[in-house]
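Participant: Per the working numbering, residue 4 is the first one in the sequence shown, and the count goes up by one each step.
Note that the Cβ used here is the ideal one computed from N, Cα and C, for glycine as well.
None of these values were measured; they are calculated from a predicted model.
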Amino acid sequence: MEISIQKSTLSNHQTIQITGSKSESNRLLLLQALYPKISIENLSNSDDSVLMQKALASNESVIDIHHAGTAMRFLTAYLSVQDGKEVVITGSSRMKERPIKILVDALKTLGADISYLENDGFPPLKIIGKKLTKNKVTLDANVSSQYISALLLIASKLDDGLELTLNGKITSVPYIKMTLSLLNEIGMETSFVENTISVKPKLSDIEPQTLTVESDWSSASYFYSVIALSTIGTEITIGSYKKESLQGDSVLAKIYKSFGVTTFYDENSIRLVKTEESKTSHLEFHLSDAPDIAQTIAVTAFGLGVECYMTGLHTLKIKETDRLVALKTELDKLGAEIDITEDSLRVNVSNDIKSNISIATYNDHRMAMAFAPLGLKTSIIIENADVVSKSYPQFWEDFSSIGFNLK
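1) At a cut of 8 Å, does the segment 314-329 reach the segment 241-249 through at least three beta carbon pairs?
2) Please report the straight-line C-alpha distance between A109 and T314, rounded to a whole angstrom.
3) When you compare the segment 24-34 with the segment 212-225, are there three or more beta-carbon pairs, one atom per stretch, that lie closer than 8 Å?
4) Could you tell me whether the Cβ atoms of I360 and I384 are closer together than 8 Å?
5) How is T314 classed by DSSP in three states: helix, strand or coil?
6) My output table needs one value for K282: the three-state DSSP class, helix, strand or coil.
7) I'd like the span of the alpha helix (DSSP H) that includes F195, first residue to last.
8) Looking only at its chain, what residues have a beta carbon closer than 6 Å to the beta carbon of I131, apart from the 5 residues adjacent to it on each side?
9) In whole angstroms, what separates the C-alpha of Y150 from that of I235?
10) Does the beta-carbon distance from F407 to I157 come in below 8 Å?
11) Let me confirm a value: V65 is counted as buried when at least 16 other C-beta atoms fall within 10 Å, else exposed. Which label applies?
12) Jot down the residue ranges of each uninterrupted beta strand (DSSP E) in the segment 119-181, minimum 3 residues, whole runs only, in chain order.
13) Using 8 Å as the cut-off, can you tell me whether the segment 255-269 makes contact with the segment 337-344, which would need three or more C-beta pairs spanning the two stretches below that distance?
14) Can you check whether the CB of N145 is closer than 8 Å to the CB of G124?
15) By the three-class DSSP mapping on this structure, what secondary structure does G263 have?
16) Along the beta strand (DSSP E) that carries G87, what are the first and last residues, could you check?
17) So S281 and F262 are supposed to be a Cβ contact under 8 Å. How far apart are they, rounded?
18) Does the distance from the CB of V254 to the CB of L286 come in under 8 Å?
19) From A414 to N29, what distance separates their C-alpha atoms?
20) Which same chain residues, not among the five before or five after L330, have their C-beta less than 7 Å away from its C-beta?
21) For a test of the three-state rule: what should DSSP assign to V202, helix, strand or coil?
22) Taking C-alpha atoms, which residue in K380, L379, S358, S392 lies nearest to M370?
23) Name the residue from Q212, R76, E197 whose alpha carbon lies nearest to the alpha carbon of L155.
24) Report yes or no: do the segment 68-75 and the segment 94-114 share at least 3 C-beta pairs separated by less than 8 Å?
25) Does the Cβ of V328 have 16 or more other Cβ atoms within 10 Å, making it buried, or fewer, making it exposed?
26) Am I right that D3 and I296 are in contact with their C-beta atoms under 8 Å? What's the rounded C-beta distance?
27) Using 10 angstroms around the beta-carbon of T415, count the other beta-carbons present and answer buried if the total reaches 16, otherwise exposed.
28) Could you check how far apart the C-beta atoms of Y244 and S218 are, in whole angstroms? I think they sit under 8 Å.
29) When the Cα of I200 is compared with those of K357, P294, E166, A388, which residue comes out closest?
30) Could you tell me which whole alpha helix (DSSP H) segments of length 4 or greater appear in the segment 283-369?
31) Mind pulling the beta strand (DSSP E) runs of 3 or more residues that sit fully within the segment 225-276?
32) Quick check: the Cα distance between K380 and I356, rounded to an integer number of angstroms?
33) Can you look up N408 in the DSSP assignment and give me helix, strand or coil?
34) Going by C-alpha distance, which of S42, K40, Q35 is nearest L78?
35) Which value, in whole angstroms, describes the spacing of the CA atoms of V352 and L232?
36) Using the three-state DSSP reduction, which class does D116 fall into: helix, strand or coil?
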């Protein structure tokens with residue numbers, strides 16, 4: 004499906020309800036599979052979370068998780084501790100290019116039985132579940148936090164728990180802390196001191212409890228971009244959010260202040276208001292703790308004609324696509340000047356935005372959603388627009404409801 008966005012004007016004072024966080028939902032779904040007395044409210048309706056639920060309930064010998072990277076990492080760990088269960092886990096052609104050797108090596112250190120069926124270090128994997136007897140493992144600290152979280156989520160089921168040592172400077176700390184907070188919430192004992200994370204064993208059952216998933220901050224980023232690209236006084240309310248969030252992407256409130264957007268916290272929602280024009284012509288952000296919002300920020304900066312330099316982006320190269328290359332390619336089409344390295348991206352000042360440019364999305368939901376707010380500045384075409392269902396199925400309906408002219 005291709006969507007054409009004609010140059011649009013925002014309807015002011017709209018309210019949008021965003022689905023639960025995919026990151027929180029997928030963690031809780033795995034914990035619910037391990038501890039069935041957990042109930043979950045405001046679960047994400049994203050493709051990734053639907054696939055996660057389906058995979059956890061499956062009795063099939065082959066599980067296909069398509070493009071769902073989080074599900075691939077978390078399920079690899081989960082299936083490793085399902086004693087006596089033999090499963091092949093596979094995915095899309097892009098998934099077969101996304102590395103998983105670091106996680107597999109760590110699980111093997113703990114005693115897991117995992118083998119590669121095609122290329123060494125990449126899915127598909129054959130996993131024979133068993134009781135894991137070891138409890139200590141070491142990883143480089145700059146690896147994807149999903150590898151670390153995958154290990155932490157199964158740690159309480161190991162006889163002696165888990166002691167995980169991280170070598171070097173840790174990236175994506177908020178995602179690790181999110182995992183530990185959810186473990187604490189269901190009664191697990193954890194510690195995170197310097198570069199060592201420990202989870203105590205919990206081999207007995209837990210108390211029945213209901214956990215409510217906060218709405219997804221990554222999805223909120225597109226509305227921050229919309230308000231930043233609007234005129235002073237424009238506002239929108241989105242829910243359900245809380246000020247003390249577990250999600251690293253909640254740093255949006257601070258970052259978008261630089262683009263003139265003020266965040267007001269109400270009881271169960273946030274109100275985004277364009278209070279001023281961006282005061283600076285040059286911005287710098289280090290995003291190793293929140294790389295998923297880099298695409299949104301890059302497009303916002305381009306739309307406002309603000310020079311923006313972002314670092315800490317090394318994990319973007321192994322996402323649904325190489326997001327750094329994809330951003331440069333598509334923004335260049337619109338008239339931008341973009342410089343990239345292995346872990347950084349610079350948007351140089353450009354005041355000319357070309358019209359009716361067709362944006363490729365590379366099977367990446369965030370490419371489609373990050374570019375959509377530019378419809379306030381120019382007419383633009385989004386290819387393969389239904390890819391948004393991976394994390395935010397009602398995205399286009401919500402954008403239409405706030406005034407975007409979609410065809």
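Facilitator: This is what the structure holds:
1) no
2) 28 Å
3) yes
4) yes
5) strand
6) coil
7) Note, F195: premise wrong, no alpha helix (DSSP H); beta strand (DSSP E) at 193-196.
8) E89, D116
9) 42 Å
10) no
11) exposed
12) 128-131, 139-143, 165-170
13) no
14) no
15) coil
16) Looking at the DSSP string, G87 is not in any beta strand (DSSP E), and its letter there is neither H nor E.
17) 5 Å
18) no
19) Residue 414 lies beyond the range of the chain shown here (4 to 410); nothing can be said about it.
20) Q298, A301, I341, L348
21) strand
22) S392
23) R76
24) yes
25) exposed
26) The first residue shown for the chain is 4 and the last is 410, placing residue 3 beyond what the model contains.
27) Because the chain in this structure spans residues 4 to 410, residue 415 falls outside the shown range and cannot be described.
28) 6 Å
29) E166
30) 297-307, 326-336
31) 238-242, 264-268
32) 8 Å
33) strand
34) Q35
35) 15 Å
36) strand
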